[in-house]
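Each remark here refers to the structure printed beneath this line.
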Amino acid sequence: MIPRRFLAVLAVAGTIVLFAACEPERVVIETGPAGFAGRHVGYSWSGEARGTAFEDAGAYIETVLELDEDANILSASMRYWQRVDGFWTTRQSGNALVTVDFSVDPTPATLSSPFVPGDSMFSIYTVNLMSLYAVAVDEDGTAAVTVVEPLTRYRFEMKFPPGFDYRVQMNELTLGSGLVVPTVRTAGGAFLSPESWDELADRHIFDLHMYSHVLNDVGVFADIDGRSSVRNFLSSMGVGFDGDRPVAMALQYGYFGIGGWKGNYDAIATYLVGRNARTLTSLVDWSPERYRAAINDLNQFGVDVPTGATRTVQDSADGISGATVRMSRESTSYQRALVDAGILSEDDVIVGRF
54 MIPRRFLAVL AVAGTIVLFA ACEPERVVIE TGPAGFAGRH VGYSWSGEAR GTAFEDAGAY
114 IETVLELDED ANILSASMRY WQRVDGFWTT RQSGNALVTV DFSVDPTPAT LSSPFVPGDS
174 MFSIYTVNLM SLYAVAVDED GTAAVTVVEP LTRYRFEMKF PPGFDYRVQM NELTLGSGLV
234 VPTVRTAGGA FLSPESWDEL ADRHIFDLHM YSHVLNDVGV FADIDGRSSV RNFLSSMGVG
294 FDGDRPVAMA LQYGYFGIGG WKGNYDAIAT YLVGRNARTL TSLVDWSPER YRAAINDLNQ
354 FGVDVPTGAT RTVQDSADGI SGATVRMSRE STSYQRALVD AGILSEDDVI VGRF
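According to the numbering used here, the sequence shown is numbered sequentially starting from 54.
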């Protein structure tokens, strides 16, 4: 039983469905017939470069294209399937189970080896935390916020007590102020990996780095920056105010920026529709030397990487194909759909690191 001091938000009509009951059907990849009209499916899967068979993979990306006779892309979709706790679900499902305990005062994670998480107000169960935010207001006026900061990949938490002056600007909520607390690491491989939080003590969440604009270029925080008030920051997430006091609100969550994994893959689909698949034979421009040098004799990218090459095709600042994801594995899935359509052969496919 969840204690009364916890507020829980559930996805649909009081019930959250995180996982599919069984694995979705995987379509057999075959070379398509003459002509291009029809539905064509392609896959990229985890462990492929290490010899893992498709049917044994615990995660895979599925691209579905609808082409006309001339190979114009009429519709497109991309889904990232993964097995979690014995069930299959999509990474971009967006469903989460989130609770908050207002009695907890957040404390920072210890940047040591091994990593030691701090105390968190929030308990979050979801497939992927990228771009997630959550907010709640207790009956006594206490406001609690968590934002998965994209550059450090930590949950930054804020607890505003009754009587807090919400006219304070966001640039005053620096990591050194104690008002913003990095509590839990959500993933490895972060762009920013400080050895001490003191390195970022004079920075606020919208100005940790020149790439912090991924937080507020678009989406929920599009009108928020360091000069915005904390009130405006909370309001952007749906918090109402009665005078200077936030109104009690059950916990709500969402995804900032382009919208997490769903937003990324929707952006790829939008990019593809209307293009010709015979012209667009990859989601990645493989011409830069740093990419070409990382493709081995088996057409695998990022596996055998010489000095000066790169293991990852990613551009979180400017986007590739309209998205901010690691694109080599997505491109493999897309190319396999073109194999299914008869536009490419399997020998043309560059197997991205998954």
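Ideal Cβ positions, reconstructed from N, Cα and C, are used throughout, including at glycine. Values in this document were obtained by computation on a predicted structure and should not be read as measured data.
| C-alpha gap between V198 and A102, whole angstroms | 41 Å
| request: Pick helix, strand or coil for H93, following the three-state DSSP scheme. | output: strand
| Of the residues Y113, F107, S99, A129, the one placed nearest L391, counting alpha carbons only | A129
| Using the C-alpha atoms, what's the distance from T205 back to T22? | In the structure displayed, the chain extends from 54 to 407; residue 22 sits before or after that span and is not available.
| query | Should A106 be labelled buried (16 or more other beta-carbon atoms within 10 Å of its own) or exposed? | reply | exposed
| query | Which stretch, first to last residue, makes up the beta strand (DSSP E) that contains E342? | reply | Not the beta strand (DSSP E): E342 falls in the alpha helix (DSSP H), residues 342 to 345.
| query | Can you find at least 3 beta carbon pairs, one from the stretch 224 to 233 and one from the stretch 337 to 356, that sit closer than 8 Å? | reply | These segments do not touch.
| Terminal residues of the continuous alpha helix (DSSP H) containing A320? | 313 to 325
| task | State the start and end residues of the unbroken alpha helix (DSSP H) segment that holds M223. | result | M223 -> no alpha helix (DSSP H), and no H or E assigned at all.
| query | Would G95 pass as a contact of Q353 if the rule is Cβ separation under 8 Å? | reply | no
| said: For W98, list the residues DSSP reports as bridge partners. | reply: Y113
| said: Using a 10 Å radius around the Cβ and a threshold of 16 neighbouring Cβ atoms, would you call D276 buried or exposed? | reply: exposed
| task | Would you mind sorting T332 into buried or exposed? The rule is 16 or more other CB atoms within 10 Å of its CB. | result | exposed
| Q135 vs Y318 beta-carbon contact at 8 Å | no
| Alpha carbon to alpha carbon, what distance is there between R382 and E115? | 10 Å
| Do F89 and G395 have their C-beta atoms within less than 8 Å of each other? | yes
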